[in-house]
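>
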Amino acid sequence: MLTFLATCEQEFKADCTSNMFLAMERFAPSKRWHVDQMIKVLTT
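The numbering of the sequence shown is the working numbering, which starts it at 114 and goes up by one.
(1) Using the Cα positions of Phe134 and Ala141, report the straight-line distance between them to the nearest angstrom.
(2) Reducing DSSP to helix, strand and coil, say where Ser143 ends up.
(3) May I have the straight-line CA-CA distance separating Val154 from Trp146, to the nearest angstrom?
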């Protein structure tokens with residue numbers, strides 16, 4: 114998903130990022146993992 118986010122058109126990035134954050138929050142195995150994944154998405 115991060116590869117898609119890095120290469121997708123600008124108009125899709127906001128929706129994709131929002132949905133990724135919702136999924137990460139819901140299915141995060143730990144707080145640390147959640148924060149690490151959020152940082153990866155924000156820097157992509």
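Glycine included, each C-beta is placed from N, C-alpha and C at the ideal position.
In brief:
(1) Each residue's alpha carbon lies about 10 Å from the other.
(2) coil
(3) 12 Å
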